[in-house]
Amino acid sequence: MSRIANNPVGVPSGVEVVLNDTQLKVKGSRGTLELALNHQVEIKHEDKHITFSATNKSKKSGALAGTYRSLVNNMVLGVSEGFSKALLLQGVGYRAQAQGKKLNLTLGFSHPIEYEIPDGIEVETPSQTEVLVKGIDKQLVGQVSAEIRAFRPPEPYKGKGVRYANEYVKRKEAKKK
-6 MSRIANNPVG VPSGVEVVLN DTQLKVKGSR GTLELALNHQ VEIKHEDKHI TFSATNKSKK
54 SGALAGTYRS LVNNMVLGVS EGFSKALLLQ GVGYRAQAQG KKLNLTLGFS HPIEYEIPDG
114 IEVETPSQTE VLVKGIDKQL VGQVSAEIRA FRPPEPYKGK GVRYANEYVK RKEAKKK
């Protein structure tokens, strides 16, 4: 059985959890998230804690219990605090500008890139070389960040490209004559 599932998820004040047979709904100050439930995981909501256990002794059921515990924990954190990822643009002439539901990127191509921001995500550009992706759904914040980074991943020779703020790019030495 998953040892992660043994830890209960604490529900802070201001977060409302509604549990029925088919789905779990978490509502907080930042928004509402829903999760479809699996019959192999038993979820109990008592006072300020949510506990998880496998319904049978199979390996898959134990793994699902740990997975659902992590998903619900991320939902509770998202509706109470939110998630954010910072991206940095490095390179001459590399710029980003958020305009409404679009992010305009200039990344050294012959054309500008216009990225459509999905619902539930906020994108801020504190400076021309910084992009801040915010939202309540951790998976969606990570996916949007990865899609923006994929336009021009950092290359190992000059370090140019779009990188996460805490990412280290191992540099290579240039070819010698």
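The letter at position 167 of the sequence shown is residue 160 when you use this note's numbering, and the numbering goes up by one with no holes. Every residue gets a Cβ at the ideal spot worked out from N, C-alpha and C, and that includes glycine. Keep in mind that this is a model prediction, so the values were computed, not measured.
Cβ neighbours of residue i in the same chain (closer than 7 Å, five flanking residues each side left out)
| i | result |
| --- | --- |
| Ala167 | Tyr150 |
| Leu26 | Val19, Met68, Gly71, Val72, Ile129 and Asp130 |
| Pro119 | Leu125 |
| Lys94 | Glu109 and Ile110 |
| Arg50 | Here the sequence assigns Lys to residue 50, which means Arg is not the residue at that position. Taken in chain order, the list of residues that qualify is empty. |
| Gly84 | Gly101, Lys153 and Gly154 |
Cβ distance (whole Å) where residue i is taken to contact residue j below 8 Å
| i | j | result |
| --- | --- | --- |
| Val155 | Leu80 | 6 Å |
| Thr122 | Tyr157 | Going by Cβ atoms, the distance from Thr122 to Tyr157 rounds to 13 Å, so no, they are not a contact pair. |
| Ser116 | Ala91 | The sequence shown places Val at residue 116, not Ser. Between Ala91 and Val116 the Cβ distance is about 5 Å, and since that is below 8 Å, they are a contact. |
| Val162 | Pro147 | 4 Å |
Counted within 10 angstroms of its Cβ, other Cβ atoms place residue i as buried (16 or more) or exposed
| i | result |
| --- | --- |
| Lys78 | buried |
| Asn102 | According to the sequence displayed, residue 102 carries Phe and not Asn. By the neighbour-count rule (16 or more Cβ atoms within 10 Å), Phe102 is not buried but exposed. |
| Arg(-4) | exposed |
| Tyr61 | buried |
| Val4 | buried |
Any non-hydrogen atom of the ligand HEM within 7 Å of residue i CB
| i | result |
| --- | --- |
| Val8 | You won't find the ligand HEM in this model; it holds no ligand whatsoever. |
Close beta carbons around residue i, own chain, < 8 Å, minus the five adjacent residues each side
| i | result |
| --- | --- |
| Val65 | Val2, Leu17, Val19, Leu28, Ile36, Ile43 and Phe45 |
| Pro105 | Asn97, Leu98 and Thr99 |
| Thr48 | His32, Gln33, Val34, Glu35 and Ser54 |
| Arg164 | Pro149, Tyr150 and Gly152 |
| Thr15 | Ala29 and Leu30 |
| Gly75 | Arg23, Lys127, Gly128 and Ile129 |
Through-space distance from residue j to residue i, alpha-carbon basis
| i | j | result |
| --- | --- | --- |
| Val34 | Gly21 | 24 Å |
| Val126 | Val11 | 28 Å |
| Gly59 | Leu82 | 36 Å |
| Gly206 | Ala56 | The chain is shown from -6 up to 170; residue 206 falls before or after that span and cannot be answered. |
| Ala143 | Asp40 | 43 Å |
| Ser63 | Glu107 | 33 Å |
| Glu9 | Lys52 | 31 Å |
| Ala(-2) | His38 | 14 Å |
| Ile141 | Glu160 | 15 Å |
Cβ shell of residue i (< 6 Å), same chain only, five flanking positions each side left out
| i | result |
| --- | --- |
| Arg145 | Leu100, Gly154 and Val155 |
| Lys169 | none |
Inter-stretch contact (C-beta, 8 Å, three-pair minimum) for the stretch 110 to 123 and the stretch 131 to 139: yes
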